[in-house]
Amino acid sequence: MATREIYQAFQQASEDKAFDVEHRKKIAYNISCYDRSFEKGLGIYANLALARQRAAVKKHSVLEHLEDHLKTFEQQFTARGGKVIWARDAADARNAILDILEKQYIRSVVKSKSMTTEEVGVTTFLEKNGIECTETDLGEFIVQISDDKPYHIVTPAMHLSAADVAKIFHEKYDMPPESAPEEIASFVRPHLRERFLRAGAGITGANFLVSGTGSIALTENEGNALFCASVPRVHIVVAGIEKVIPSPGDLDLFWPLLAVHGTGQDMSAYNTLVSGPRAAGEEEGPEEMYVILLDNGRSNLLAAIPQRRALSCIRCGACLNACPVYKNIGGHSYGTVYSGPIGAVISPHLSGQLKEYIHLSYASSLCGRCTDVCPAGIDLHHQLLQNRRLAVRNAFPPRTERWGIKAYKMTMSKASRLDKAPPGIKNLFAGLFLKKAWGPRRTLPKVVESFRKKMG
Ligand code: SF4
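Numbering-wise (the working numbering), the sequence shown opens with residue 3 and increments by one.
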């Protein structure tokens, strides 16, 4: 889609979702459940601000020496029999995965929930190449069978109610239309078990890359990522290069931060470190393990000093749940893999998306709620301003808008200029130039005679 069409699609979807009462009800309900758990989860911290500060400092220092950490990761992981593949962009990563699968004659793959694999578009790509790819996280599985897209970084099916899910399983698998969530889970479990057993490869992301030991750290609640990493004979990991932490000891800090901010849990149910394929003498684990280190624009962010901090994100999703814009327009309206405040910050920087998605940086009230909740200490609302600055520097706004801003600045910077035109003329201009942006549901306020003029 052309830039203009992407922007118009965003505007239209936002308008539709913001006035879709059913959608708002579902999101308000699901986020209110999250808010309650989150508040409770925060209780484990005696000093939350300190934990967040430590996380921010740790990630900052990693980013300062990212190249070294990545080299150490590669050395350590390779020494244990794993293979590292460097992917410049999404196409590189997709081709590397296909290459591995084709060489091994693998036609069936299981996959766990991972935003990086969404970014790369793994599932669609493999299906187009005739390889069965099954999402094994329950939320992702629901999204996959309903030909939908993940709605949220942490809870991909957040936009669906229990009744919606029951309807999907009724239509797809002829389950009773009133099926309870437990019945659906009982149906899905053996269905996925069969897929795990027949899959030749498991694909996962990595919540963290531990450079000191060459390990990937996975955290989850269903155990499906652990299955993906251990049952099939090949394990492929797709991880962004920014996911590095130096040592397993750092997980003491990051795992609880991620769990509390992601779902309100003290700790997720399953926390796993994988440090390579099955070694001699081990009975379980894959025969081969690959880690694809994905750049896809992250180096651009790393080079842009003020925006580098966005790479500290641990993908907890807390900023989405806190954002008044996200709560109104929902995750799909953004039209990007990453939605909400962090999506608006990083999406334009992913490979080749700068002009197409810079408009997301304006979809914010700049209230700063996202910054307040971020466990990695990212100043998200300032990052949005940095993106806006970048847009102006690159002359992205249309010429009419730039002229309009210049005229506005000139008029508003001197009261005598502003007072020259009578209210009638001002209202005429406001009607001509602002009414559309003001929207059809609001009444444009009328400009009245200036106080200064009235007072003579
Ligand atoms: S930016 Fe912060 S709050 Fe948002 S997903 Fe990332 S770590 Fe979580």
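Note that beta-carbon positions come from the ideal geometry of N, C-alpha and C, so glycine has one too.
Pull up the distance between the alpha-carbon of residue i and that of residue j, whole angstroms please.
i: residue 433; j: residue 231; result: 60 angstroms
i: residue 315; j: residue 436; result: 37 angstroms
i: residue 203; j: residue 82; result: 19 angstroms
i: residue 285; j: residue 279; result: 11 angstroms
i: residue 417; j: residue 405; result: 20 angstroms
i: residue 296; j: residue 242; result: 5 angstroms
i: residue 400; j: residue 298; result: 27 angstroms
i: residue 22; j: residue 49; result: 40 angstroms
i: residue 107; j: residue 115; result: 24 angstroms
i: residue 327; j: residue 365; result: 7 angstroms
i: residue 70; j: residue 253; result: 20 angstroms
i: residue 25; j: residue 344; result: 22 angstroms
i: residue 159; j: residue 135; result: 19 angstroms
i: residue 170; j: residue 103; result: 31 angstroms
i: residue 322; j: residue 283; result: 45 angstroms
i: residue 362; j: residue 3; result: 16 angstroms
i: residue 377; j: residue 53; result: 8 angstroms
i: residue 150; j: residue 415; result: 49 angstroms
i: residue 277; j: residue 234; result: 16 angstroms
i: residue 389; j: residue 456; result: 41 angstroms
i: residue 9; j: residue 428; result: 29 angstroms
i: residue 5; j: residue 228; result: 40 angstroms
i: residue 146; j: residue 7; result: 26 angstroms
i: residue 120; j: residue 184; result: 27 angstroms
i: residue 110; j: residue 331; result: 36 angstroms
i: residue 214; j: residue 75; result: 6 angstroms
i: residue 403; j: residue 394; result: 11 angstroms
i: residue 40; j: residue 133; result: 39 angstroms
i: residue 346; j: residue 372; result: 12 angstroms
i: residue 66; j: residue 305; result: 10 angstroms
i: residue 101; j: residue 129; result: 14 angstroms
i: residue 382; j: residue 152; result: 22 angstroms
i: residue 14; j: residue 84; result: 46 angstroms
i: residue 313; j: residue 226; result: 27 angstroms
i: residue 33; j: residue 161; result: 10 angstroms
Tell me, to the nearest whole angstrom, how far the beta carbon of residue i is from that of residue j; I am working on the premise that it is less than 8 angstroms.
i: residue 337; j: residue 93; result: With 8 angstroms as the limit, residue 337 and residue 93 do not qualify as a contact, their Cβ atoms being about 20 angstroms apart.
i: residue 271; j: residue 223; result: 5 angstroms
i: residue 190; j: residue 218; result: Not quite, the Cβ-Cβ distance comes to about 25 angstroms (not below 8 angstroms), so this is no contact.
i: residue 259; j: residue 57; result: 6 angstroms
i: residue 245; j: residue 210; result: 6 angstroms
i: residue 335; j: residue 19; result: 5 angstroms
i: residue 250; j: residue 275; result: 6 angstroms
i: residue 288; j: residue 236; result: 6 angstroms
i: residue 342; j: residue 325; result: 5 angstroms
i: residue 294; j: residue 87; result: 5 angstroms
i: residue 340; j: residue 155; result: 7 angstroms
i: residue 207; j: residue 118; result: 5 angstroms
i: residue 329; j: residue 29; result: 6 angstroms
i: residue 64; j: residue 247; result: 7 angstroms
Looking at the ligand FAD, does it come within less than 7 angstroms of residue i, judged from the CB to the closest heavy atom?
i: residue 382; result: Within the structure as shown, the ligand FAD is missing, the only ligands being the ligand SF4.
Around the Cβ of residue i, are there at least 16 other Cβ atoms within 10 angstroms (buried) or fewer (exposed)?
i: residue 263; result: buried
i: residue 391; result: exposed
i: residue 79; result: buried
i: residue 410; result: exposed
i: residue 446; result: exposed
i: residue 113; result: buried
i: residue 105; result: exposed
i: residue 396; result: exposed
i: residue 139; result: buried
i: residue 349; result: buried
i: residue 257; result: buried
i: residue 61; result: buried
i: residue 412; result: exposed
i: residue 205; result: buried
i: residue 318; result: buried
Under the DSSP definition of a beta bridge, which residues are partnered with residue i?
i: residue 110; result: 134
i: residue 462; result: This structure gives no information on residue 462, because the portion of the chain shown stretches from 3 to 458.
i: residue 205; result: 113, 238
i: residue 293; result: 86, 239
i: residue 272; result: 222
i: residue 247; result: 212
Any C-beta of chain C sitting closer than 8 angstroms to the C-beta of residue i?
i: residue 311; result: The structure shown contains no chain C; it holds only a single protein chain.
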